[in-house]
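Student: Would you mind keeping the following structure in view while I ask a few things?
Residue numbers (the working numbering): 1 to 310.
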């Protein structure tokens with residue numbers, strides 16, 4: 001998604017217009033499945049629930065992805081994806097503050113979970129800033145503009161990470177009030193398409209900026225709308241319901257490994273030994289966290305059953 005979006009932005013499409021089209025496509029993709037599989041479900045509606053879904057859509061698909069595309073315009077695909085690896089840390093901190101996750105400093109599995117997070121993040125930073133960014137000086141001018149833009153890109157991408165972390169955190173609460181996952185995903189994409197269109201219209205008043213020019217722009221919109229938002233969005237909501245927001249967030253560093261591989265093919269970014277080491281750290285840290293978390297959940301389930309039996 002990062003690579004093909006970068007190609008579309010390099011081709012001249014506006015970042016805000018791109019997100020508006022993307023959310024509209026995603027809503028059109030999800031709507032038939034929501035109607036087909038959840039047509040018999042009846043969920044109670046209220047104005048308060050609508051406001052919560054509206055704010056969730058504003059925080060996640062609208063603001064987060066608007067910031068993402070603005071940042072991507074001033075960054076390479078790899079460095080932009082690297083900054084997104086702050087999502088597990090931000091999500092974990094918010095989850096702890098809201099008592100969704102526990103730290104578990106006094107247990108082996110709790111410490112391993114914390115160490116795994118930092119190993120994965122360290123691997124992501126190693127992969128991006130030493131393994132790829134340092135070795136792609138020849139292509140950096142193609143991706144990034146001046147020094148101001150080099151600073152602006154990471155700042156916008158970090159704000160994007162915070163906004164997406166907040167979106168992950170609020171999903172379990174919304175699913176309790178509105179358990180129809182496909183409908184919820186469709187509603188958020190639909191509301192986001194309206195919000196993103198208003199934002200794009202406010203800053204892109206030239207009608208020509210709304211025209212889709214070239215095959216790469218059309219292909220990128222189709223890919224990001226159908227897979228990047230439609231399929232991925234629905235799967236994330238489903239996983240959040242099953243495992244919680246932190247479980248979804250911890251997989252974000254894995255995206256950098258895949259982005260690095262595809263960037264090497266598309267943008268000719270070289271993969272060094274440092275890059276490979278960073279990828280190994282990301283995968284090792286990721287599965288350390290998942291293993292430790294599964295053990296924690298297993299122990300808490302056993303303890304809960306023992307209390308009930310007692």
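Just so you know, even glycine gets a beta-carbon here, dropped at the ideal spot from N, CA and C.
All of these numbers come straight from a predicted model, not from anything done at the bench.
I'd like the span of the alpha helix (DSSP H) that includes residue 179, first residue to last.
Tutor: No alpha helix (DSSP H) holds residue 179; DSSP gives it neither H nor E.
Student: Quick check: what's the CA-CA separation for residue 7 versus residue 72?
Tutor: 10 angstroms
Student: Tell me where the alpha helix (DSSP H) around residue 101 begins and ends.
Tutor: Element bounds for residue 101: n/a, residue is neither H nor E.
Student: Do residue 175 and residue 181 count as a contact pair if the criterion is CB distance below 8 angstroms?
Tutor: If you check the CB distance, residue 181 and residue 175 come in under 8 angstroms.
Student: For residue 134, collect the residues of the same chain with a Cβ closer than 7 angstroms to its Cβ; drop the 5 residues on either side in sequence, then sort them by chain order.
Tutor: Here the model assigns residue 134 a pLDDT of 48, short of 50, so the residue's position is not dependable, and the following value carries that caveat. Result list for residue 134: empty, nothing under 7 angstroms.
Student: Given this structure, state the Cα-to-Cα distance separating residue 9 from residue 59, to the nearest angstrom.
Tutor: Going by the C-alpha atoms only, they are around 22 angstroms apart.
Student: State the Cα-Cα distance for the pair residue 122 and residue 282, rounded to the nearest angstrom.
Tutor: Their Cα atoms are separated by approximately 8 angstroms.
Student: Helix, strand or coil, according to DSSP, for residue 204 in the structure here?
Tutor: coil
Student: Does the stretch 252-265 come within contact of the stretch 102-109, defined as at least 3 CB pairs closer than 8 angstroms?
Tutor: Under the three-pair Cβ rule at 8 angstroms, the stretch 252-265 does not count as touching the stretch 102-109.
Student: Quick check: the Cα distance between residue 65 and residue 297, rounded to an integer number of angstroms?
Tutor: 32 angstroms
Student: Can we say the stretch 184-204 touches the stretch 25-36, given the rule of at least three CB pairs closer than 8 angstroms?
Tutor: yes
Student: For residue 91 versus residue 165, is the C-beta spacing smaller than 8 angstroms?
Tutor: yes
Student: So for residue 11, helix, strand or coil by DSSP?
Tutor: In the structure shown, residue 11 falls within a coil segment according to DSSP collapsed to helix, strand and coil.
Student: What separation, rounded to the nearest whole angstrom, lies between the Cα atoms of residue 292 and residue 63?
Tutor: 33 angstroms
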